[in-house]
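Student: The structure is given below, and queries will be raised subsequently.
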Amino acid sequence: MRIEILGMGCPKCQATEQNVRKAVAELGIDAEIR
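The number in this note's numbering is simply the position in the sequence shown, starting from 1, with 782 added.
If you want it as structure tokens, here you go:
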């Protein structure tokens, strides 16, 4: 699975990326996060 965070790196985008990475790790999903 590929998950892409669309944005310019603003604080909200960074928080979203952190939340996605945490969720992926907790669920044990094999995903590429960009």
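Ideal Cβ placement from N, Cα and C applies to all residues, glycine included.
Give the DSSP-derived three-state secondary structure of residue 803 in the structure shown.
Tutor: What you label residue 803 is simply residue 21 of the sequence shown in a count that begins at 1. Residue 803: helix per DSSP, three-state reduction.
Student: Could you tell me the alpha carbon to alpha carbon distance between residue 807 and residue 787, rounded to whole angstroms?
Tutor: Along the sequence shown, read from residue 1 onward, the residue named residue 807 stands at position 25. Along the sequence shown, read from residue 1 onward, the residue named residue 787 stands at position 5. Straight-line Cα distance between these residues: approximately 16 Å.
Student: Sorted by chain position, which residues of the same chain lie with C-beta nearer than 7 Å to residue 802's C-beta, five sequence neighbours on each side aside?
Tutor: As a first step, residue 802 must be located in the sequence shown, where it is residue number 20. So the list reads 785, 787, 815, once near-sequence residues are dropped.
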